[in-house]
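Engineer: Input: one structure, supplied below.
Chains as they are written, first to last, in the working numbering: chain A, 1 to 210; chain B, 1001 to 1388.
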């Protein structure tokens, strides 16, 4: 219990760092989506779900390894590069995807609404971010010595950080003009270039320096 | 919405010499005040440079008043500023440290000259953490007079006076593009999708978010085309080599090649995040340019003449420019029907457009004389001194 409280408090205290890494992706995406309050909360939940999945995958890896292997420099660089390239690809796909025109709701809904993997992927790739709080959490999770312990630790850590994301739903509720939504999509492309660059540079660094 | 005054009688083509001289007098006195200090400094080069600059600026203002045209003369000043600024700046860098590149040690020591382009990136981190995310000194030092406080003070004063007009009278970087865009007789590329205008806003949003996330001035580190003609990080790694490559590509692409092909200020119109940021201050600026619908024949020459595409079909129909108008006056100069007019907010549109133009010009040229004039005179001094 003490360990879980520690994890939740660590998450809560690390919130601003998490916002700094996820905010630049989350903010333009929600503005571009213009989902409204309710759907924004839904999308945010799915995004956080993706982020949780990223955390848990790491936790399972850490728990199974039982060592600091996932944090070893080479593995860390590869993970970092893969996450950034994945994030860049997701942002590019979203930014370039033709916008769906908002049609009047049909009188009779036959097929279920289209679901998008976008929030899950965004959450997953931003979740696997080796920022200092995440590394601290990973080390403490590994110290639990079991997969279950590590997963529980990351779950509590995630809960602590997730609180900081709730205000983002307000962005989704903004009634922005079509122009602002287009600017938000362009912003996602600009961010994609940045993350792609980070990923490529990390890979190049690994290739050149071993 | 402001009232529209009844269509005025067409203004005469030019103004009389005596009246023009009288209207130029305040600017001449201001310029004299600005450059009188240089006249007391020992050395012939300083004095000659000051006198040449004074004559140049006062003559241009006189011509603006006499011909009732703004952009033609403003552009001459602005292009001169654009071409002379990098020469003077690089000259100073080479004299101080023997190279255009800034070593990392200098950055760590807070010896990087502050550039106004950084302002949008430092605001949020400064507000949230009281940290200025720029490797420069807050107050001026002997080795770095371009300190953060000085440049922000200058920018704030200019913004109050000019709004987005900063981009037409103050931004020496824009002057380079303006000069290049003025060179070809005709544009090779004429059709440009209006959506490109949204890119500066996206770049602004991206750099503000990333600066907040990484606590580094992202634009300066990665995207500033003008590093090519000012200073850049010393190339010591793959990262700095890539940075230098980006700076060069953006500079030659957006500041040289595209303005040449389009006769537009492409970097300003389709990339510059500071320009987008500065556009926000048009909301509080008292001058603007309006289109009198009763006079307009929808000939689109105003739209074609605008160097930053701040007019489109819809905005002309609404009788306004878009938010990114930098008050250069190109549309007013080209409009044969006097439909595009200078305007003071809160007054009827077209009531006294020439008075509005002159009032705007006094403010803008006052700033141009002080800021741009000192840069021009400084570079001329170095060049004349070099020539002996």
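In this text, a Cβ means the ideal position worked out from N, Cα and C, and glycines have one as well.
#1: Along the region 1120–1142 of chain B, what residues have a CB closer than 8 Å to any CB found in chain A?
#2: Using beta-carbon positions only, say whether residue 34(A) and residue 172(A) come within less than 9 Å of one another.
#3: Within 8 Å, do at least three Cβ pairs link the region 1196–1214 of chain B to the region 1271–1283 of chain B?
#4: Helix, strand or coil for residue 1340(B) per DSSP?
#5: Could you confirm whether any beta carbon from chain B is found closer than 9 Å to the beta carbon of residue 116(A)?
#6: Alpha helix (DSSP H) containing residue 1197(B): first to last residue?
#7: Compare the C-beta of residue 1279(B) against all C-beta atoms of chain A and say whether one is closer than 9 Å.
#8: Between residue 163(A) and residue 145(A), what straight-line distance do the alpha-carbon atoms span, to the nearest angstrom?
#9: Taking only runs that begin and end inside the region 157–192 of chain A, name each unbroken alpha helix (DSSP H) of 4 or more residues, in chain order.
#10: Could you tell me the alpha carbon to alpha carbon distance between residue 1327(B) and residue 1173(B), rounded to whole angstroms?
#11: Closest by CA to residue 204(A), which one among 1(A), 129(A), 85(A) and 57(A)?
#12: Hey, how far is the Cα of residue 207(A) from the Cα of residue 96(A)?
#13: Can you say whether residue 1360(B) is buried or exposed, counting buried as having 16 or more other CB atoms within 10 angstroms of its CB?
#14: According to DSSP, is residue 1015(B) part of a helix, a strand, or is it coil?
#15: Short of 7 Å Cβ to Cβ, which residues in the region 1199–1210 of chain B face chain A?
#16: Using a Cβ-Cβ cut-off of 6 Å (strictly less than) and excluding sequence neighbours within five positions of residue 1357(B), which residues of its own chain qualify?
#17: List, from N- to C-terminal side, the alpha helix (DSSP H) runs of 4 residues or more that fit wholly inside the region 1208–1279 of chain B.
#18: Whose CA, out of 125(A), 151(A), 126(A) and 124(A), lies closest to the CA of residue 137(A)?
#19: Look at the alpha carbon of residue 1033(B) and the alpha carbon of residue 1021(B), and state the distance between them as a whole number of angstroms.
#20: Any beta carbon of chain A sitting closer than 9 Å to that of residue 1352(B)?
#21: Give every residue of the same chain whose Cβ lies closer than 7 Å to the Cβ of residue 1073(B), excluding the five residues on either side of it in the sequence, and list them in chain order.
#22: Which residue wins for smallest C-alpha separation from residue 1352(B), given the options 1299(B), 1287(B), 1321(B) and 1048(B)?
#23: Compare the beta carbon distance of residue 1116(B) and residue 1152(B) with 9 Å and say whether it is the shorter of the two.
#24: Using a Cβ cut-off of 7 Å, which residues of the region 1234–1245 of chain B contact any Cβ in chain A, in chain order?
#25: Spell out whether any CB of chain B is found under 9 Å from the CB atom of residue 161(A).
#26: Looking at the secondary structure, which residues open and close the alpha helix (DSSP H) in which residue 1334(B) lies?
#27: Since residue 158(A) contacts residue 55(A) with CB under 8 Å, what's their CB separation in whole angstroms?
#28: Counting only Cβ pairs nearer than 7 Å, list the residues of chain B close to residue 183(A).
#29: Report yes or no: do the region 1235–1249 of chain B and the region 1124–1133 of chain B share at least 3 C-beta pairs separated by less than 8 Å?
#30: Is residue 1131(B) buried or exposed, if buried means 16 or more other CB atoms sit within 10 Å of its CB?
#31: Can you tell which of 161(A), 27(A) and 42(A) has the C-alpha that lies nearest to the C-alpha of residue 6(A)?
#32: For a test of the three-state rule: what should DSSP assign to residue 1111(B), helix, strand or coil?
#33: List the residues of chain B that residue 21(A) touches, going by C-beta distances under 7 Å, in chain order.
#34: Within a Cβ cutoff of 8 Å, which residues of the same chain sit near residue 1375(B), ignoring the five residues on either side of it in sequence?
#35: Please compile the residues from chain B whose C-beta is within a distance smaller than 7 Å of the C-beta of residue 133(A).
#36: Identify each residue in the region 1050–1083 of chain B for which the Cβ-Cβ distance to at least one residue of chain A is less than 7 Å, and report them in chain order.
Structural biologist: Reading off the structure:
#1: For the region 1120–1142 of chain B, the set of positions with a beta-carbon nearer than 8 Å to some beta-carbon of chain A is empty.
#2: Residue mapping note: residue 34(A) aligns to position 34 of the first chain, counting from 1. Residue mapping note: residue 172(A) aligns to position 172 of the first chain, counting from 1. Inclusion of residue 34(A) and residue 172(A) in the CB contact set at 9 Å is warranted, their separation being smaller than that value.
#3: yes
#4: Within the second chain, the letter at position 340 stands for residue 1340(B). Three-state result, residue 1340(B): strand.
#5: Translated into positions along the first chain, residue 116(A) becomes position 116. With 9 Å as the cut-off, residue 116(A) does not count as an interface residue toward chain B.
#6: Within the second chain, numbered from 1, the residue matching residue 1197(B) stands at position 197. From DSSP, residue 1197(B) is part of no alpha helix (DSSP H); its letter is neither H nor E.
#7: Within the second chain, the letter at position 279 stands for residue 1279(B). False, the Cβ-Cβ gap to chain A never drops below 9 Å.
#8: Within the first chain, residue 163(A) is the residue found at index 163, counting from 1. Within the first chain, residue 145(A) is the residue found at index 145, counting from 1. Using only the alpha carbons, I get a separation of about 27 Å.
#9: 169–173
#10: Looking up residue 1327(B) in the second chain gives position 327. Looking up residue 1173(B) in the second chain gives position 173. The alpha-carbon atoms of residue 1327(B) and residue 1173(B) are separated by roughly 17 Å.
#11: Position 204 of the first chain holds residue 204(A). Comparing Cα-Cα distances from residue 204(A) to each of 1(A), 129(A), 85(A) and 57(A), the minimum goes to 85(A).
#12: The residue given as residue 207(A) occupies position 207 in the first chain. The residue given as residue 96(A) occupies position 96 in the first chain. Their Cα atoms are separated by approximately 31 Å.
#13: By 1-based counting over the second chain, the position of residue 1360(B) is 360. It counts as buried.
#14: Counting from 1 along the second chain, the entry for residue 1015(B) is found at position 15. Three-state DSSP puts residue 1015(B) in coil, outside helix and strand.
#15: Result list: 1199, 1201, 1202, 1203, 1205, 1206, 1209 and 1210.
#16: Stepping through the second chain from its first residue, residue 1357(B) is reached at position 357. Hits under 6 Å: 1342.
#17: 1238–1250, 1258–1262, 1266–1270 and 1273–1279
#18: Position 137 of the first chain holds residue 137(A). The residue with the shortest Cα to Cα distance from residue 137(A) is 151(A).
#19: Stepping through the second chain from its first residue, residue 1033(B) is reached at position 33. Stepping through the second chain from its first residue, residue 1021(B) is reached at position 21. As the crow flies, the alpha-carbon of residue 1033(B) is around 18 Å from that of residue 1021(B).
#20: Walking along the second chain from the start, residue 1352(B) turns up at place 352. So no, residue 1352(B) is outside the interface.
#21: Position 73 of the second chain, counted from the start, is the residue given in the question as residue 1073(B). Here the set comprises 1060, 1063 and 1064.
#22: Counted from its first residue, the second chain places residue 1352(B) at position 352. For residue 1352(B), the nearest C-alpha among the options comes from 1287(B).
#23: Reading the second chain from its first residue, position 116 is the one you call residue 1116(B). Reading the second chain from its first residue, position 152 is the one you call residue 1152(B). Taking 9 Å as the Cβ cut-off, residue 1116(B) and residue 1152(B) qualify as a contacting pair.
#24: 1238 and 1239
#25: Along the first chain, one-based indexing puts residue 161(A) at 161. Not an interface residue.
#26: For the purposes of this step, residue 1334(B) is taken as residue 334 along the second chain, with counting starting at 1. That run of the alpha helix (DSSP H) goes 1330–1334.
#27: As a working note, residue 158(A) is residue 158 in the first chain. As a working note, residue 55(A) is residue 55 in the first chain. About 5 Å separates the two Cβ atoms, so the contact holds.
#28: Reading the first chain from its first residue, position 183 is the one you call residue 183(A). Under the 7 Å cutoff, chain B gives 1198, 1201, 1202 and 1205.
#29: no
#30: Counting from one through the second chain, the residue named residue 1131(B) turns up at place 131. Under this definition residue 1131(B) is an exposed residue.
#31: Residue mapping note: residue 6(A) aligns to position 6 of the first chain, counting from 1. Ranking 161(A), 27(A) and 42(A) by Cα distance to residue 6(A) puts 161(A) first.
#32: Taking the first residue of the second chain as 1, we reach residue 1111(B) at position 111. Correct three-state label for residue 1111(B): coil.
#33: Here residue 21(A) refers to the residue found at position 21 when the first chain is read from its first residue. Taking a Cβ-Cβ cut-off of 7 Å, the neighbours of residue 21(A) in chain B comprise 1213, given in sequence order.
#34: The sequence position of residue 1375(B) within the second chain is 375, counting from 1. Answer for residue 1375(B): 1081, 1084, 1085, 1088 and 1172, listed in chain order.
#35: As a working mapping, residue 133(A) is identified with position 133 in the first chain. Proximity of chain B to residue 133(A) at the Cβ level (cut-off 7 Å) is not reached, the minimal Cβ distance being about 14 Å.
#36: none
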